[in-house]
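Colleague: Residue numbering for the sequence shown is 10 to 155, as defined by the numbering used here.
Idealized CB from N, CA, C, for every residue including glycine.
Source: prediction; values computed, not measured.
Sending over a structure as structure tokens; questions will come in a sec.
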Amino acid sequence: MDNDNLNSISNDLYMLLLSLNKRVFNHDEMIKSCNLPPSHVKALFYLIHNGPRAISQIGNDLSISKPNMTPIIDKLVAEGFINRFQDPNDRRVIRVEPTETAREFLREQETKLKSRLLERISPLSDEDLEELDKCISSLSKILLKI
Numbered sequence: 010m011d012n013d014n015l016n017s018i019s020n021d022l023y024m025l026l027l028s029l030n031k032r033v034f035n036h037d038e039m040i041k042s043c044n045l046p047p048s049h050v051k052a053l054f055y056l057i058h059n060g061p062r063a064i065s066q067i068g069n070d071l072s073i074s075k076p077n078m079t080p081i082i083d084k085l086v087a088e089g090f091i092n093r094f095q096d097p098n099d100r101r102v103i104r105v106e107p108t109e110t111a112r113e114f115l116r117e118q119e120t121k122l123k124s125r126l127l128e129r130i131s132p133l134s135d136e137d138l139e140e141l142d143k144c145i146s147s148l149s150k151i152l153l154k155i
């Protein structure tokens, strides 16, 4: 495929992502409902999916500076979402891990998001829903190859 077509597809995919973000997910509503800033939720999500990590590694992987990581971690510890502990192999390194409270919190947020999605798609016609289902299936298969 030539570069013009690749650029067009890339642009269309980008616009689709922006549209999904704008039309389906209301960030202001989501932020109000979870009482945590997006950076904190991002750190929690990262820990749930990657397991215990050094604070510096979380900052590097999420592109959050070390001075900004400290208050994020402090707040998450204070809220009972993560535990701090010394790395058993290097006592200079502080690691953090998610608590069951964090897991439950993210399950609740996932339930809210799915409920919001259901509200958004339920007015669609059966034909539109069938087409959406086919498109999601096709897009998912293709994205797994990236």
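Please report the residue range of the beta strand (DSSP E) in which residue 107 lies.
Modeller: 99-107
Colleague: Just checking my contact of residue 123 with residue 42 at CB under 8 Å: how many whole Å lie between their CB atoms?
Modeller: With a Cβ gap of about 13 Å, residue 123 and residue 42 do not count as contacting.
Colleague: Report the three-state DSSP secondary structure of residue 94 (helix, strand or coil).
Modeller: The DSSP-derived three-state label of residue 94 is strand.
Colleague: Are residue 103 and residue 93 touching if we call contact CB-CB under 8 Å?
Modeller: yes
Colleague: Quick one: is residue 52 buried, meaning 16 or more other Cβ sit within 10 Å of its Cβ, or exposed?
Modeller: buried
Colleague: Excluding five sequence neighbours on each side, which residues of the same chain lie with their C-beta closer than 7 Å to the C-beta of residue 89?
Modeller: Excluding sequence neighbours, residue 89 sits near 108, 110.
Colleague: Can at least three beta-carbon pairs, one atom from the region 24-34 and one from the region 125-140, be found at a separation below 8 Å?
Modeller: yes
Colleague: How many angstroms separate the CA atom of residue 26 from the CA atom of residue 97?
Modeller: In this structure, the alpha-carbon of residue 26 lies about 41 Å from that of residue 97.
Colleague: Count the other CB atoms within 10 Å of the CB of residue 68; is the residue buried (16 or more) or exposed (fewer)?
Modeller: buried
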